[in-house]
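A.B. asks:
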Amino acid sequence: MTHLDLYNYTMSICSMKTRLAMEELGLDYQDRQVDIGFALENFEPDYVRLNNKCVVPTLVAGDKVVTNSYNIVLEAAQIAGKGLPADPAARETALDWFQKGDQVNFQVITYGRKGVPRGDELLIARRARALEYAEKYPDLRPIYQAAHDRIVEHGNCAYDAETVADAEAGLVARLDELDKHVQGRSFIAGDDYSVADIMWTVLLARVEMLELGGLISERPHLLAYYQRMKARPSFAAARVMPNWKGGI
Numbered sequence: 001m002t003h004l005d006l007y008n009y010t011m012s013i014c015s016m017k018t019r020l021a022m023e024e025l026g027l028d029y030q031d032r033q034v035d036i037g038f039a040l041e042n043f044e045p046d047y048v049r050l051n052n053k054c055v056v057p058t059l060v061a062g063d064k065v066v067t068n069s070y071n072i073v074l075e076a077a078q079i080a081g082k083g084l085p086a087d088p089a090a091r092e093t094a095l096d097w098f099q100k101g102d103q104v105n106f107q108v109i110t111y112g113r114k115g116v117p118r119g120d121e122l123l124i125a126r127r128a129r130a131l132e133y134a135e136k137y138p139d140l141r142p143i144y145q146a147a148h149d150r151i152v153e154h155g156n157c158a159y160d161a162e163t164v165a166d167a168e169a170g171l172v173a174r175l176d177e178l179d180k181h182v183q184g185r186s187f188i189a190g191d192d193y194s195v196a197d198i199m200w201t202v203l204l205a206r207v208e209m210l211e212l213g214g215l216i217s218e219r220p221h222l223l224a225y226y227q228r229m230k231a232r233p234s235f236a237a238a239r240v241m242p243n244w245k246g247g248i
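For the sequence shown, UniProt numbering assigns the number 1 to the initial residue and increments by one for each residue that follows.
#1: Give me the DSSP bridge partner(s) of Y7.
#2: Classify K64 as helix, strand or coil using the three-state DSSP reduction.
#3: Which of the three DSSP states is assigned to G190 in this structure?
#4: If you count every other CB in all the chains shown that lies within 10 Å of the CB of M1, and 16 or more means buried, which is it?
#5: Rounded to the nearest angstrom, what separates Y29 and A134 at their Cα positions?
#6: By how many angstroms is the C-alpha of G62 removed from the C-alpha of L4?
#7: Just to confirm, are V195 and G81 a CB contact at a threshold of 9 angstroms?
#8: Please work out which residues of its chain come closer than 7 angstroms, Cβ to Cβ, to V108, disregarding the five sequence neighbours upstream and downstream, and give them in chain order.
#9: Which residue marks the beginning of the alpha helix (DSSP H) containing R19, and which one marks its end?
#10: Could you tell me which of V48, L27, M22 and A21 sits nearest to R34, measuring between CA atoms?
#11: Short of 7 angstroms in beta carbon distance, which residues of its chain neighbour A86, apart from the five on each side in sequence? Order them along the chain.
#12: On the DSSP letters alone, give me the boundaries of the alpha helix (DSSP H) that F98 sits inside.
#13: Is it buried or exposed, F187, if we count other Cβ atoms within 10 angstroms and call 16 or more buried?
#14: Would you please state the rounded distance, in angstroms, between the beta carbons of V202 and K17? I believe it to be under 8 angstroms.
#15: Could you pull the start and end residues of the alpha helix (DSSP H) that T201 belongs to?
#16: How would you call S12, buried or exposed, if buried means at least 16 neighbouring beta carbons within 10 angstroms?
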């Protein structure tokens with residue numbers, strides 16, 4: 001089996017997706033924490049050379065480096081030989097809902113709802129570190145400058161009421177659709193747990209963390225589904241957090 005190193009941060013929603021994938025798919029991995037809070041470890045050159053977006057998570061699978069939680073979960077499914085149904089129709093359903101979850105802009109919703117403690121200060125600190133390191137490490141300057149620009153854009157979106165409202169409306173529409181879809185189903189793609197369940201378990205936990213739990217409780221089929229997912233041993237093992245834990 002290929003040695004797996006997962007660079008992640010406990011409270012990162014994308015990190016939770018990848019940890020849940022590892023637990024559910026039965027993969028042994030080395031948990032390597034990268035503090036993306038005020039320690040700003042994600043800007044350190046050694047890490048940036050692994051992930052030029054200066055974000056978590058990152059999976060190192062032997063000689064292969066995989067970034068972006070979407071890609072990492074699919075890579076984990078491929079390594080494990082699980083998580084993607086063999087039946088073509090079920091597989092299509094799993095991938096469709098996996099993609100639908102990935103398209104919900106939880107970054108904007110989280111920061112727009114002040115879901116990260118001292119989030120405003122953190123964005124300022126990240127911008128400053130990106131500019132500082134752009135000067136300090138000339139060979140990595142384009143990477144740090146691009147990171148700075150993305151952080152600025154993210155802040156602009158998170159503080160724009162219309163953008164946040166649009167993101168939340170998109171979430172509500174998806175929850176309406178998912179509530180109907182899971183009625184009478186054990187899992188999103190049918191009888192077997194899949195990458196779609198990995199995605200939506202974490203997203204629903206984030207909905208709860210943002211004190212939007214009413215969006216779940218008022219949809220009975222979705223609520224029953226979420227309760228089943230929370231009861232799985234993997235939920236605690238992967239440290240999927242429905243409440244903020246610790247500092248930043």
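Just so it is clear, CB atoms sit at the ideal spot from N, CA and C, and this is done for glycine as well.
C.D. replies: A quick look at the data gives this:
#1: R32 and T58
#2: strand
#3: strand
#4: exposed
#5: 32 angstroms
#6: 7 angstroms
#7: no
#8: C157, A158, T163, V164 and A167
#9: I13 to E24
#10: Correcting the residue type first, residue 34 is Val in the shown sequence and not Arg. Taking only the C-alpha atoms, the option nearest V34 is V48.
#11: none
#12: For F98, the uninterrupted alpha helix (DSSP H) segment begins and ends at P88 to Q103.
#13: buried
#14: 5 angstroms
#15: T201 -> alpha helix (DSSP H) spans V195 to M209.
#16: buried
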